[in-house]
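These notes concern the structure reproduced below.
In the working numbering, the protein residues as written are 2 to 153.
Right, dumping it as structure tokens:
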């Protein structure tokens with residue numbers, strides 16, 4: 002049986018909410034970053050933050066504006082990296098004009114700007130957001146489905 006002293010681990014989100022997807026890449030992959038590079042860097046920064054391990058955030062609007070709350074209190078949870086890549090070498094432009102023209106994204110090097118070589122890790126991360134009122138009462142536990150909800 003299970004240990005009654007241990008709380009039950011959440012099995013997954015239930016009820017209404019949103020799945021938020023972040024598609025991104027980072028360049029925190031140089032040898033000096035080991036072992037926190039590639040996917041491990043995403044886990045130790047973004048995933049930990051979405052799990053609430055990075056501390057609190059400031060509420061920007063509503064009755065709790067300016068107060069510090071955990072991301073869990075905001076209804077954020079269940080982060081998962083759903084697409085991974087290997088760390089690849091890319092060459093990006095370095096001139097301010099080239100970078101500005103590319104809307105802040107790392108532009109591919111050209112003949113006029115040979116750029117610099119960086120190591121890039123790309124990822125897709127998803128998490129659940131079930132909006133709550135910070136500081137409000139916790140969401141009630143979901144009711145067990147009745148047998149009739151599963152059909153005959």
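Each residue gets a CB set at the ideal place from its N, CA and C atoms; glycine is no exception.
Less than 8 angstroms between the C-beta atoms of residue 17 and residue 131, yes or no?
yes
Would you report the Cα separation of residue 159 and residue 12, rounded to the nearest angstrom?
Since the first residue shown for the chain is 2 and the last is 153, residue 159 is missing from the structure and cannot be characterised.
Can you give the beta carbon distance from residue 38 to residue 29, rounded, assuming they're within the 8 angstroms contact cut?
6 angstroms
Taking DSSP as the reference, what is the three-state secondary structure of residue 46?
helix
Evaluate residue 77 with the Cβ neighbour count: other Cβ atoms within 10 Å of its Cβ, from every protein chain shown; 16 or more gives buried, anything less gives exposed.
Per the 10 Å Cβ criterion, buried.
Assign residue 64 to buried or exposed, taking buried as 16 or more other Cβ atoms, counted over all protein chains shown, within 10 Å of its Cβ.
Burial check for residue 64: the Cβ neighbour count within 10 Å stays below 16, so the residue is exposed.
From the DSSP output, read off the bridge partner residues of residue 89.
121
Round the Cβ separation of residue 118 and residue 92 to the nearest angstrom and send it over; I've been treating them as touching at under 8 angstroms.
5 angstroms
Give the secondary structure of residue 51 by DSSP, where H, G and I count as helix, E and B as strand, and everything else as coil.
helix
Mapping the DSSP letters down to three states, classify residue 131 as helix, strand or coil.
coil
List the endpoints of the continuous beta strand (DSSP E) containing residue 21.
From DSSP, the beta strand (DSSP E) with residue 21 extends over 19 to 27.
State the CB to CB distance for the pair residue 22 and residue 129, rounded to an integer number of angstroms; the pair is presumed to be in contact (CB under 8 angstroms).
The pair is not a contact, with the Cβ atoms about 11 angstroms apart (cut-off 8 angstroms).
Please work out which residues of its chain come closer than 6 angstroms, Cβ to Cβ, to residue 40, disregarding the five sequence neighbours upstream and downstream, and give them in chain order.
85
To which residues does DSSP link residue 59 through a beta bridge?
As DSSP reads the structure, residue 59 sits in a beta bridge with 69.
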